[in-house]
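Undergrad: Chain order of the listed sequences is A and B.
Residue numbers for the first sequence follow numbering that gives the first Met the number 0, beginning at 0 and rising by one.
Residue numbers for the second sequence follow numbering that gives the first Met the number 0, beginning at 0 and rising by one.
Backbone N, C-alpha and C fix where the C-beta goes; we use that ideal spot for every residue, glycine too.
The model shown is predicted, which means the values in this text are computed figures rather than measured ones.
First the structure, which I've put down as structure tokens, then a few questions once you've had a look.
Protein chains: 2
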Amino acid sequence: MLFLVGTGIAYNDISIRAAERCKGCDVYIERYTSLVDDEKVRYLSELFGKKISFLNREDLEEKAKEIVARAASKNIAILVGGDPLTATTHKILFIEAKKQSVGVEVLHSSSAISAITGESGLDFYRFGQVCTIPRWSDRYKPVSFYETIERNLSHNLHSLVLLDYYPEKGSTLSLHDAVNELLAAEEFYKKGIIEGGTKVMTMRNIGLSNQEVKMTTIEEAKAEVASGMFAVIFPAKLSEVEKETIDGMTMV
Amino acid sequence: MLFLVGTGIAYNDISIRAAERCKGCDVYIERYTSLVDDEKVRYLSELFGKKISFLNREDLEEKAKEIVARAASKNIAILVGGDPLTATTHKILFIEAKKQSVGVEVLHSSSAISAITGESGLDFYRFGQVCTIPRWSDRYKPVSFYETIERNLSHNLHSLVLLDYYPEKGSTLSLHDAVNELLAAEEFYKKGIIEGGTKVMTMRNIGLSNQEVKMTTIEEAKAEVASGMFAVIFPAKLSEVEKETIDGMTMV
Numbered sequence: 000m001l002f003l004v005g006t007g008i009a010y011n012d013i014s015i016r017a018a019e020r021c022k023g024c025d026v027y028i029e030r031y032t033s034l035v036d037d038e039k040v041r042y043l044s045e046l047f048g049k050k051i052s053f054l055n056r057e058d059l060e061e062k063a064k065e066i067v068a069r070a071a072s073k074n075i076a077i078l079v080g081g082d083p084l085t086a087t088t089h090k091i092l093f094i095e096a097k098k099q100s101v102g103v104e105v106l107h108s109s110s111a112i113s114a115i116t117g118e119s120g121l122d123f124y125r126f127g128q129v130c131t132i133p134r135w136s137d138r139y140k141p142v143s144f145y146e147t148i149e150r151n152l153s154h155n156l157h158s159l160v161l162l163d164y165y166p167e168k169g170s171t172l173s174l175h176d177a178v179n180e181l182l183a184a185e186e187f188y189k190k191g192i193i194e195g196g197t198k199v200m201t202m203r204n205i206g207l208s209n210q211e212v213k214m215t216t217i218e219e220a221k222a223e224v225a226s227g228m229f230a231v232i233f234p235a236k237l238s239e240v241e242k243e244t245i246d247g248m249t250m251v
Numbered sequence: 000m001l002f003l004v005g006t007g008i009a010y011n012d013i014s015i016r017a018a019e020r021c022k023g024c025d026v027y028i029e030r031y032t033s034l035v036d037d038e039k040v041r042y043l044s045e046l047f048g049k050k051i052s053f054l055n056r057e058d059l060e061e062k063a064k065e066i067v068a069r070a071a072s073k074n075i076a077i078l079v080g081g082d083p084l085t086a087t088t089h090k091i092l093f094i095e096a097k098k099q100s101v102g103v104e105v106l107h108s109s110s111a112i113s114a115i116t117g118e119s120g121l122d123f124y125r126f127g128q129v130c131t132i133p134r135w136s137d138r139y140k141p142v143s144f145y146e147t148i149e150r151n152l153s154h155n156l157h158s159l160v161l162l163d164y165y166p167e168k169g170s171t172l173s174l175h176d177a178v179n180e181l182l183a184a185e186e187f188y189k190k191g192i193i194e195g196g197t198k199v200m201t202m203r204n205i206g207l208s209n210q211e212v213k214m215t216t217i218e219e220a221k222a223e224v225a226s227g228m229f230a231v232i233f234p235a236k237l238s239e240v241e242k243e244t245i246d247g248m249t250m251v
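Below, the structure is given as structure tokens:
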């Protein structure tokens, strides 16, 4: 049997259910789609009383068949950061298990996206489509996230903007780099939705002990060069309740 | 200190982190905003080795100040279903703690919304705004959820439609009742988006051991009178990858 196991956000966010399952499994971990830091790996290895093997990107992309085939004769757990199944990689493993008639179970856990929308204080039902600011390369500089933000704003909906994750750094794009991409997108589309004074909420390390929620401006966010797990929210026009909620929740 | 503790979806979805915290707290539970069944309460009470006190709706709405005041001198944990902070009730407790300068910490857990979007096999980035089909009373029959579904479809975005939760039944609106409201909304708006043959995904008890995901039609969903925790997804035009993913994930 194959278990796709969410380890949640914090190092000890794994559920009791998942921890019990893992004790009877060969345990692997993938750290490519979202953050699983060394502290978490050590903690989980001690908790399960067993070694945890790393799956590299090639294992996941090319050896899904082999991993699943192994799960036909023994219990295999694949740990992931956050909640499984948002990433395509996890769905491929799930489907491969179905194809090979190997039992597959997903163990859900805390999700950064749910935590971020909650901790923002904004009304969950007023979020529109989510988008990601990808890391740019010299040749590939997509700016289509701007269209999502603009469409959400035009319907008076909030935009949750995720920042691309760098597995090799254990952090997302910095706010500084993200704001530079946002300003370049503004330069391209010229609809006037992203300017120095535009209000945004910046969310850092949400669900961890050092989380930070700030209502700030694009200009101030641009000055932020620290590393961490970031997301940016472009709020639509705030309701009175939302204003009070944000003021109340971010009170020091 | 006040802890807002997500207990997740399944009875043993609580995180190890949260379970450890609760052992040092007076523990209360609210069962009004989402499902926490008796099995879960028994399990958690045994796990913590202590009695769990129920908070009724009045406690939550009128006595938030008192509950928080108690947390000034001792550790108080308030358990909730799923992930905290989606519900206004939880935000009110959070804000009240800030007002009274009482420390407050949120312990995140698995969220039905994250689990449903993942288990659907649909591309997470193609979901638009979420809406809820509320329970109707004789006098109050809102149909505005239709506008959200229609707008999402017009932008080729999927709609996650939650069904109102009945705490006194421990289940949501049935599919049968939800479809009747959807059809009445169609009758009102007449845009032709909800008809007998319209394809929908019905999601039942997602994250529990008896979860069901079905690609079906409005007509077939209407025949479903079983109780449970339901949600409905109105998919936009499926991409090839989504088609393959759904076929693969729902393979028997």
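Kindly indicate which three-state DSSP category B:T171 falls into: helix, strand or coil?
TA: As a working mapping, residue 171 of chain B is identified with position 172 in the second sequence. DSSP places B:T171 in strand when its eight states are reduced to three.
Undergrad: Whole angstroms is fine: what's the gap from A:Y164's alpha carbon to B:N209's?
TA: Mapped onto the first sequence, residue 164 of chain A falls at position 165. Mapped onto the second sequence, residue 209 of chain B falls at position 210. Cα-Cα distance, rounded: 34 Å.
Undergrad: Can you find a CB in chain A that lies within less than 8 Å of the CB of B:N204?
TA: For the purposes of this step, residue 204 of chain B is taken as the residue at position 205 of the second sequence. No, its Cβ sits nowhere closer than 8 Å to a Cβ of chain A.
Undergrad: Leaving out five residues on either side along the sequence, give the residues of the same chain with a beta carbon under 7 Å from the beta carbon of A:K50.
TA: As a position in the first sequence, residue 50 of chain A is number 51, starting the count at 1. Counting only Cβ-Cβ distances below 7 Å, and skipping sequence neighbours, we find S44.
Undergrad: DSSP three-state call for A:K198: helix, strand or coil?
TA: Counting from 1 along the first sequence, the entry for residue 198 of chain A is found at position 199. Residue state, collapsed to three classes: strand.
Undergrad: Thinking just about the alpha-carbon of each residue, which of A:R16, A:V224, A:D12 and A:F47 is nearest to the one in A:Y27?
TA: Taking the first sequence and counting its residues from 1, one reaches residue 27 of chain A at position 28. Per the Cα distances, A:F47.
Undergrad: A:F93 to B:M248, Cα distance in whole Å?
TA: Residue numbering aside, residue 93 of chain A sits at position 94 when the first sequence is read from its first letter. Residue numbering aside, residue 248 of chain B sits at position 249 when the second sequence is read from its first letter. About 7 Å.
Undergrad: At what residues does the alpha helix (DSSP H) containing A:C130 begin and finish?
TA: As a working mapping, residue 130 of chain A is identified with position 131 in the first sequence. Segment C130 to I132 is the beta strand (DSSP E) holding A:C130; no alpha helix (DSSP H) there.
Undergrad: How far does the beta strand (DSSP E) with A:G5 in it extend, from its first residue to its last?
TA: Numbered from its first residue, the first sequence carries residue 5 of chain A at position 6. Counting along the chain, the beta strand (DSSP E) containing A:G5 begins and ends at L1 to G5.
Undergrad: Check each candidate in A:D37, A:V231, A:E241 and A:D176 and name the one with the smallest Cα separation from A:N204.
TA: Sequence index remark: in the first sequence, residue 204 of chain A carries index 205 (1-based). Among A:D37, A:V231, A:E241 and A:D176, the Cα nearest to that of A:N204 is on A:V231.
Undergrad: At a Cβ cut of 7 Å, what residues of the segment 167-191 of chain B count as close to chain A, listed as they run along the chain?
TA: From the segment 167-191 of chain B, no residue has a Cβ closer than 7 Å to chain A.
Undergrad: Do A:A177 and A:I112 have their CB atoms nearer than 8 Å?
TA: What you label residue 177 of chain A is simply residue 178 of the first sequence in a count that begins at 1. What you label residue 112 of chain A is simply residue 113 of the first sequence in a count that begins at 1. Not closer than 8 Å, so no.
Undergrad: Return the Cβ separation of B:K130 and B:A76 in integer angstroms, given the expectation that the two are a contact with Cβ distance under 8 Å.
TA: Locating residue 130 of chain B in the second sequence gives position 131, counting from the first residue. Locating residue 76 of chain B in the second sequence gives position 77, counting from the first residue. First, the amino acid is wrong: residue 130 of chain B is Cys here, not Lys. The Cβ separation is near 32 Å, so there is no contact.
Undergrad: Can you find a CB in chain B that lies within less than 8 Å of the CB of A:F229?
TA: As a position in the first sequence, residue 229 of chain A is number 230, starting the count at 1. Closer than 8 Å: no.
Undergrad: In whole angstroms, give me the CA-to-CA distance for B:E29 and A:E185.
TA: Here the question's residue 29 of chain B lines up with position 30 in the second sequence. Here the question's residue 185 of chain A lines up with position 186 in the first sequence. So the alpha carbons of these two residues sit roughly 45 Å apart.
Undergrad: Would you call the segment 132-148 of chain A and the segment 208-222 of chain A in contact, with 3 or more CB pairs under 8 Å?
TA: Output reads no: the segment 208-222 of chain A does not touch the segment 132-148 of chain A.
Undergrad: Measure how close the beta-carbons of A:H157 and A:L121 come, nearest whole angstrom, since I'm counting them as under 8 Å.
TA: One-based indexing of the first sequence puts residue 157 of chain A at position 158. One-based indexing of the first sequence puts residue 121 of chain A at position 122. Indeed they touch by this definition, with Cβ atoms about 5 Å apart.
Undergrad: Which residues, taken in chain order from the segment 25-49 of chain A, show a beta carbon closer than 7 Å to some beta carbon of chain B?
TA: The segment 25-49 of chain A vs chain B, Cβ under 7 Å: nothing.
Undergrad: Quick check: A:F229 and A:L162, are their CB atoms within less than 8 Å of each other?
TA: Stepping through the first sequence from its first residue, residue 229 of chain A is reached at position 230. Stepping through the first sequence from its first residue, residue 162 of chain A is reached at position 163. A contact, by the Cβ cut-off of 8 Å.
Undergrad: May I have the straight-line CA-CA distance separating A:A86 from A:E60, to the nearest angstrom?
TA: Your numbering for residue 86 of chain A matches position 87 in the first sequence. Your numbering for residue 60 of chain A matches position 61 in the first sequence. So the alpha carbons of these two residues sit roughly 12 Å apart.
Undergrad: Have a look at A:I245 and B:D82 and give me their C-alpha separation to the nearest angstrom.
TA: In the first sequence, counting from the first residue as 1, residue 245 of chain A sits at position 246. In the second sequence, counting from the first residue as 1, residue 82 of chain B sits at position 83. The straight-line gap from Cα to Cα measures roughly 19 Å.
Undergrad: Alpha carbons only, please: which of B:E194, B:K98 and B:F2 is nearest the one belonging to B:C21?
TA: Position 22 of the second sequence, counted from the first residue, corresponds to residue 21 of chain B. Checking every option, the nearest Cα to that of B:C21 belongs to B:F2.
Undergrad: I think A:T6 touches A:L54, with their Cβ atoms under 8 Å apart; what is that distance to the nearest whole Å?
TA: The sequence position of residue 6 of chain A within the first sequence is 7, counting from 1. The sequence position of residue 54 of chain A within the first sequence is 55, counting from 1. The pair is not a contact, with the Cβ atoms about 14 Å apart (cut-off 8 Å).
Undergrad: Can you tell me where the beta strand (DSSP E) holding B:Y27 begins and where it ends?
TA: In the second sequence, the residue the question calls residue 27 of chain B occupies position 28. D25 to E29 is the extent of the beta strand (DSSP E) around B:Y27.
Undergrad: Interface residues of chain A around B:R150 at Cβ under 7 Å?
TA: As a first step, residue 150 of chain B must be located in the second sequence, where it is residue number 151. Simply H154.
Undergrad: Output needed for B:F259: all residues of its chain with C-beta closer than 7 Å, excluding positions within five of it in sequence on either side, in chain order.
TA: Look at the range of chain B in this structure, 0 to 251, and you will see that residue 259 of chain B is not part of it.
Undergrad: How would you list, in chain order, the residues of chain B whose beta-carbon sits under 7 Å from the beta-carbon of A:L84?
TA: Walking along the first sequence from the start, residue 84 of chain A turns up at place 85. The contacting residues are G117 and E118.
Undergrad: For a contact meaning CB atoms closer than 9 Å, what does A:V79 contact in chain B?
TA: The residue you call residue 79 of chain A lines up with position 80 of the first sequence. Correct list: empty, because the minimum Cβ distance to chain B is about 11 Å.
Undergrad: Assuming B:S14 and B:G80 are in contact, meaning their beta carbons sit under 8 Å apart, how far apart are those beta carbons, in whole angstroms?
TA: Reading the second sequence from its first residue, position 15 is the one you call residue 14 of chain B. Reading the second sequence from its first residue, position 81 is the one you call residue 80 of chain B. With 8 Å as the limit, B:S14 and B:G80 do not qualify as a contact, their Cβ atoms being about 14 Å apart.
Undergrad: CB A:Q99 to CB B:F126, shorter than 8 Å?
TA: Start at 1 with the first residue of the first sequence, and residue 99 of chain A comes out as number 100. Start at 1 with the first residue of the second sequence, and residue 126 of chain B comes out as number 127. Contact flag unset, no.
Undergrad: Would you call A:E95 buried or exposed, if buried means 16 or more other Cβ atoms sit within 10 Å of its Cβ?
TA: By 1-based counting over the first sequence, the position of residue 95 of chain A is 96. So A:E95 counts as buried.
Undergrad: Based on the DSSP secondary-structure assignment, which residues constitute the bridge partners of B:F53?
TA: Numbered from 1 along the second sequence, position 54 holds the residue referred to as residue 53 of chain B. For B:F53, which the question treats as bridged, DSSP gives the partners B:I28.
Undergrad: Within its chain, find whatever has a CB closer than 7 Å to the CB of B:K39; leave out the 5 residues flanking it on each side and keep chain order.
TA: Here residue 39 of chain B refers to the residue found at position 40 when the second sequence is read from its first residue. Excluding sequence neighbours, B:K39 sits near T6 and Y10.
Undergrad: Within 10 Å of its beta-carbon, does A:E19 have 16 or more other beta-carbons around it, so buried, or fewer, so exposed?
TA: Taking the first sequence and counting its residues from 1, one reaches residue 19 of chain A at position 20. The residue in question, A:E19, is exposed, as its Cβ has fewer than 16 Cβ neighbours within 10 Å.
Undergrad: Put A:R252 into one of helix, strand or coil per three-state DSSP.
TA: Outside the displayed span of chain A (0 to 251) sits residue 252 of chain A, for which this structure offers no information.
Undergrad: Taking just the CA atoms, how far does B:P166 sit from A:H89?
TA: Taking the first sequence and counting its residues from 1, the one referred to as residue 89 of chain A is at position 90. Taking the second sequence and counting its residues from 1, the one referred to as residue 166 of chain B is at position 167. So the two alpha carbons sit approximately 33 Å from each other.
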